[in-house]
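Input: a single structure, listed below in structure tokens.
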Amino acid sequence: MKHIPYITVNEDGTGSIIVGVEPDPVHPMIGSDGITDPHWITEVYVVDADTGKIITMKSLDPTGVDAATMEFDIPAGTESIVAYEWCNIHGLWESPKVETTTAAAAPSSDTSSSSAMDGGSSSTNAGACSTTTTAALGTAAAIVAANM
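The end of the sequence shown is residue 176 by the working numbering, with every number in the run present.
In structure tokens:
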């Protein structure tokens with residue numbers, strides 16, 4: 029679905045988000061041109077699913093971009109994350125919870141043991157989403173402000 033923020037967890041302890049994914053269309057990023065109604069993702073943020081703390085947030089500008097994307101660092105020790113995005117027309121959308129890899133954890137000084145990083149895999153999760161009413165934006169803004 030074009031409103032779901034899809035999270036990719038990379039081996040290097042970073043993550044990326046794209047709102048929508050092929051073969052489904054990515055979400056439009058259409059600013060005001062005086063002819064077409066504006067329709068874009070205004071903000072994307074990532075929450076530690078276990079603590080509820082916001083890891084990062086980005087306000088997006090629809091000028092000169094084709095997709096709503098964001099890259100971010102995953103703090104050491106973070107076990108799972110959820111992304112949220114706000115569409116200026118359709119409101120708040122949530123990603124599925126994504127388990128992070130040990131790549132996001134602090135490296136071990138013990139070189140004799142094997143780690144999950146040895147497998148060299150990354151994961152992309154996709155799934156169901158939820159929407160809320162405009163009142164949820166106020167709640168989301170309060171959460172963002174409290175965690176900044």
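Just so it is clear, CB atoms sit at the ideal spot from N, CA and C, and this is done for glycine as well.
Source: prediction; values computed, not measured.
Using 8 angstroms for Cβ pairs, my map puts residue i next to residue j. What's the rounded Cβ distance?
i, j, result
"Thr61", "Lys30", "First, the amino acid is wrong: residue 61 is Asp here, not Thr. Not quite, the Cβ-Cβ distance comes to about 20 angstroms (not below 8 angstroms), so this is no contact."
"Ala96", "Val72", "6 angstroms"
Answer yes or no: do residue i and residue j have a C-beta to C-beta separation smaller than 9 angstroms?
i, j, result
"Val74", "Ile117", "no"
"Ile102", "Thr128", "yes"
"Ile83", "Val47", "no"
"Ile32", "Ser123", "yes"
"Val126", "Asp94", "no"
"Ala77", "Val49", "no"
Within 10 angstroms of the Cβ of residue i, are there 16 or more other Cβ atoms? Answer buried if so, exposed if not.
i, result
"Glu113", "buried"
"Gly41", "buried"
"Glu99", "exposed"
"Ile4", "It is not possible to answer for residue 4, since the shown part of the chain is limited to 29 through 176."
"Gly92", "exposed"
"Thr64", "exposed"
"Ile35", "buried"
Any chance you could list the beta strand (DSSP E) runs of at least 3 consecutive residues sitting entirely within the stretch 33-59, in chain order?
-> Taken in chain order, the unbroken stretches of beta strand (DSSP E) that lie wholly in the stretch 33-59 and span 3 residues or more are 33-37, 42-47.
Completely contained beta strand (DSSP E) runs for the stretch 87-122, where each covers 3 or more residues = Here the runs fully enclosed are 97-101, 108-115, 119-122.
Which runs of the beta strand (DSSP E) spanning at least 3 residues fall entirely within the stretch 57-85, listed in chain order?
-> If one requires a minimum length of 3 residues, the beta strand (DSSP E) runs lying completely within the stretch 57-85 are 69-76, in chain order.
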